[in-house]
Each structure stands twice: as structure tokens, then as C-alpha cells.
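I have placed the structure first, in the form of C-alpha cells, so that the comments after it can refer back to it.
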Amino acid sequence: MKILVCALGGSSFNSAHHESFVHAQHGRNPNSLPRRSRATASRSAVVIATNRLKLLPAIGLWIFVSVISARAQYGRTVDGTNLWTVEVGLNSDGSPALAPDGTIYTGSWSGEFFAVEPGGKIKWKFNATVEIKSSPAIARDGTVYFGCRNNKFYALNPNGKLKWSFTTKAWVDSSPAIATDGTIYFGSWDKNFYALNPDGSKKWAFATGGEIVSSPAIARDGTIYFGSHDKKFYALNPDGSKRWEFTTGGPIISSPAIGGSGTVFFTSIDGKIYSLNPDGALHWSLRTGGITESSPVIGPDGMIYLGINNWFAAVTPDGKLNWQTPGNEPVDMTPAVAADHIIYFGSRDQAFFAILPTPERKEFGTHRPWGLWLQGPIISSPVIAPDNIVYVLNSKNLNAIQGGAPPAKSSWPMFRGNPRHTGNAADNVGN
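See the structure below:
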């Protein structure tokens with residue numbers, strides 16, 4: 023039985039592991055719990071896990087068996103050790119990007135852009151002078167792109183030297199996407215969507231009716247998708263011409279994810295998540311009531327994961343709410359899915375979780391193998407490295423957390439699709 027419990031929970035249930043769960047879920051230091059409560063909680067975890075084995079229905083068998091298979095391939099899920107933490111500026115809420123050499127890039131509200139070595143040492147920093155909300159993207163030649171609230175879009179060399187900058191008429195919070203031919207796409211608060219050549223010259227600009235904070239996604243056929251505050255979701259051709267537009271009931275501040283069949287998923291402030299076919303026709307929509315900017319990601323089985331207000335949720339490929347589990351405060355970050363089926367989530371309550379789906383429980387269909395208290399709100403979306411390390415920002419720190427597997431082999435397992443954050447479906451491990 024112990025082997026089965028380990029497979030279901032990701033690690034053996036002992037007091038240390040379960041106390042991490044209690045710590046993160048309830049916002050309390052586990053050492054502050056009475057000794058009797060801690061022992062009882064740990065025993066309860068084993069009982070709950072054992073009982074779940076009896077409840078697994080046929081629909082859950084695939085996940086149960088695949089989790090065992092993933093554990094056999096990647097080993098047991100490591101218990102969330104925080105390997106190192108380094109300060110990288112105030113209130114960082116962009117998502118870090120990871121270069122092939124292991125360098126981690128991230129910006130901050132303090133206006134500094136950082137390159138951090140894999141061991142946690144700051145390699146260099148670039149002063150952009152004002153807030154950076156945009157998440158960086160890394161080109162194949164190592165060039166690092168990001169936007170800034172001084173109305174500029176930057177290109178830096180891997181050594182931190184300025185390659186070029188491009189000036190728009192308003193903030194650039196949108197994170198860039200990089201096409202296979204090197205073209206860079208991003209939106210601006212000036213209501214324009216831009217395409218730049220790799221040398222920084224403007225290729226074209228497309229005008230919308232509202233500010234653009236949504237980050238673009240590029241399909242395998244080159245179609246560029248993004249949303250705008252004008253309540254519309256756009257599909258553009260690589261030459262800047264409009265392929266189609268789809269109108270929602272509210273501004274679109276999240277970023278799209280692209281499924282393996284080309285289906286596009288995104289949310290709107292109208293409280294819905296949408297699924298559109300590549301031709302712009304509505305596949306389905308689901309009313310969730312969500313108004314946070316958490317963007318959808320896709321698991322290897324096609325399940326869609328996202329934050330909905332104060333909840334973490336899973337939506338089936340056909341548009342039904344599969345499960346939801348509570349957070350204590352709003353979930354603005356986008357989750358990340360690992361190959362061992364662990365989903366990484368965090369929220370403003372400072373807790374960072376590893377979540378394992380248990381589909382027999384529809385309302386709260388998850389188990390949390392571990393959780394960490396990171397002492398600062400988590401708005402940033404995590405990135406999973408090929409060597410299993412999970413990088414996430416909280417408040418003003420970059421944290422490196424030991425995970426158990428590389429990114430899931432799905433079409434869009436994390437924010438911007440892949441560790442380099444190119445927003446290009448062709449670069450993702452599942453495509």
C-alpha cells in the first residue's frame with residue numbers, strides 16, 4: 023500500500039511533507055501547530071490517500087496509471103526544496119525566462135533587468151529606469167527581448183549590453199513572442215500591436231480599439247493571436263493583415279494558449295474562458311466568473327489549467343469544469359505543468375503549491391504533495407527547466423525550487439509555452 027500512496031501523492035506521507043501542505047494551505051508555520059495536531063494531521067493524510075485508492079473510478083485510471091509511469095521515468099517527486107533565493111528588485115510579477123545555457127532572465131518593478139546564473143549568483147543587471155511588467159523572451163541567437171513602462175521595447179545581448187531599443191507611445195506590458203523567422207511581436211498601451219525585425223526596425227503595426235496588455239501566441243502556421251482592451255480577440259497573418267476577430271463581453275488581459283490541434287484558449291474580463299477554432303469560430307465558452315489575468319495552460323491529456331479569482335481550476339478539453347481547489351487570495355499567476363503530472367500554482371497569499379489531480383473528487387479534485395511559504399505575494403508565473411528546477415518570483419526574490427520532472431510534453435505547458443518564453447507553438451515540447 024505504501025508504494026501506491028507514494029505514487030498517488032508524489033512522495034511518502036510523513037509529518038514533514040504534510041506540515042508543508044498545512045503550512046501553505048493555511049498560511050501558518052507548521053511549527054506553530056500543537057504537536058498533537060501535527061501528528062493527527064499527518065495520520066489523516068495517510069488515511070485520506072488510502073481511502074482515495076478505493077474511490078478511483080474508471081475515468082481516473084488513466085491518470086493514476088500514467089502518474090505511476092511518470093514516477094518510474096522521473097523518480098519520485100522531490101519535496102519542493104527551495105535550493106536558493108536571490109533578490110531581483112521590488113515586486114517582480116513578470117515570469118522569468120530560461121536560456122539554453124541555464125541563465126535566468128527577469129525584470130522588476132524597480133526598473134532593473136537581471137541575468138542570474140543557474141547557481142543563484144547575479145550575472146549582470148541592466149537599468150531600464152522604470153517598471154518592467156513584461157516577461158522576457160529569448161531568441162535562438164541569445165538576444166533577450168522585453169518591454170518597459172518607459173514606452174520602450176528592448177533588445178539586449180547575452181552579456182547585458184544594449185543591442186537596440188524601439189519606442190512606442192505608451193507602456194509596453196505585453197510580453198513578446200518570437201516567430202521562427204526572428205520577427206518579434208508585442209502589444210502596447212498605445213493600442214497598437216507591433217512587429218519588429220531582428221535589427222529593431224518596424225515591420226508593421228496593427229491598430230486596435232484598446233490598450234494591449236495581452237501577450238501574443240504564434241501558431242505553427244504563423245498566425246498571431248492576442249487580445250485587447252477593446253474586448254476583441256485578434257488573429258493576424260504574418261504580414262500584419264487581419265485574418266479574423268472575435269468579440270467578447272469584456273477586456274482581454276490574459277494571454278492565449280494554443281492546443282495541439284490549433285484550438286486557441288483565452289479568458290476575458292467578462293468572466294468566461296473561450297475556446298476558438300483556428301478559423302475563428304467558437305468551439306465553446308465556459309462561464310467561470312474569473313476576472314484575474316491568469317492565463318490558461320494545457321496538460322498532456324488536453325486538460326486546461328488556470329486561476330479563477332481565488333481558485334485553481336481544471337477545465338476539460340470540451341469546456342466543462344473538471345475540478346477547482348481554493349486559494350486564500352486572488353490567483354493572478356499562470357500555472358505550469360510538469361511531465362510527472364504535477365501542476366505548480368501560487369497566489370497572493372504567499373503560498374506556492376505542487377498540485378496533483380485526483381479526478382475522483384469533482385469539487386476539490388486535487389492532492390497537494392507539498393507547499394512552500396515564500397514570504398511575499400506570488401503574481402509571477404513559474405517556469406520549469408529541462409533539469410526539473412522550477413523558478414518562480416515572489417515579491418522581490420527569485421526562487422529556485424527542486425521539482426521532480428521537466429515540462430510536460432504538451433502543446434502549451436506553461437506561460438508563453440516554453441522555458442525561453444517565445445510564445446511560439448513550434449518551440450514547445452509537445453509540438
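Residues in the sequence shown are numbered consecutively from 23, following the working numbering. Here a beta-carbon is modelled for each residue, glycine too, at the ideal position from N, C-alpha and C.
Scanning its chain for C-beta atoms nearer than 6 Å, with the 5 sequence neighbours on each side dropped, one finds around T230 the residues K213, S250 and D252, in chain order. Annotation: T310 to I401 spans about 20 Å, alpha carbon to alpha carbon. Counting C-beta atoms within 10 angstroms of its own C-beta, D195 has 16 or more neighbours from the protein chains shown and is therefore classed as buried. The beta carbon of S433 is closer than 7 Å to those of I280, G281, G282, I320, A447, N450, G452 and N453 in its chain, skipping five residues each way along the sequence. Boundaries of the beta strand (DSSP E) around P348: L343 to P348.
When the five nearest sequence neighbours on each side are left out, the beta carbons in the same chain lying within less than 6 Å of the beta carbon of W266 are those of A257 and G302, in order along the chain. In the three-state reduction of the DSSP assignment, A448 falls in the helix class. Annotation for F375: the continuous beta strand (DSSP E) segment containing it runs A373 to P379.
For P391, the closest C-alpha among the options R370, D123, P122 and D362 is that of D362.
In the DSSP annotation of this structure, the continuous segment of the beta strand (DSSP E) that includes I326 starts and ends at I326 to I330.
Apart from the 5 residues on each side of it in sequence, D203 has no Cβ closer than 7 Å to any other Cβ in its chain.
Within the model, the alpha-carbon separation for G232 versus D243 is close to 26 Å. Following the DSSP letters along the chain, one finds T270 in no beta strand (DSSP E), marked with neither H nor E. At the C-beta level, L328 and G368 stay beyond 9 Å of one another. A422 and G271 have their alpha carbons spaced roughly 39 Å apart. Taken in chain order, the complete beta strand (DSSP E) segments of 3 or more residues contained in the region 273-305 are 286-290 and 294-298. Residue N104 holds the alpha-carbon nearest to the alpha-carbon of G142 among T205, N104, P238 and M325. Annotation: A358 to F374 spans about 12 Å, alpha carbon to alpha carbon. Collapsing the DSSP output to three states places P429 in a strand. As the crow flies, the alpha-carbon of P260 is around 10 Å from that of Y207.
When secondary structure is reduced to three states using DSSP, H389 falls in the strand class. C-alpha of K185 to C-alpha of G341: approximately 44 Å in a straight line.
In terms of Cβ geometry, T151 and L420 do not form a close pair [threshold 9 Å].
Per DSSP, the unbroken beta strand (DSSP E) holding S187 starts and ends at L184 to T189. Going by DSSP, E109 is part of the beta strand (DSSP E) stretching over N104 to E109. Rounded to the nearest angstrom, the gap between the Cα atoms of V405 and S277 is 16 Å.
Going by DSSP, A227 is part of the beta strand (DSSP E) stretching over K224 to A229. By the C-beta criterion, the region 156-169 is judged not to be in contact with the region 406-417, since fewer than 3 inter-stretch pairs fall below 8 Å. Within the model, the alpha-carbon separation for G116 versus D123 is close to 21 Å.
Residue pairing by DSSP places V138 opposite I126 and I144 in a beta bridge. Between F248 and G209 the beta-carbon gap is near 6 Å, inside 8 Å, which marks them as a contact. Taking every protein chain shown into account, the CB of K155 has 16 or more other CB atoms within 10 angstroms, so this residue is buried. The beta carbon of I160 sits closer than 6 Å to those of A119, A121, V166 and R442, all from its chain and outside the five residues before and after it, given in chain order.
Nearest neighbour of A199 by Cα position, chosen from I234, I126 and I240, turns out to be I240. Linking N179 to A137 through their CA atoms gives a straight-line distance of about 11 Å. Counting of Cβ neighbours within 10 angstroms places T269 among the exposed residues, the total staying below 16.
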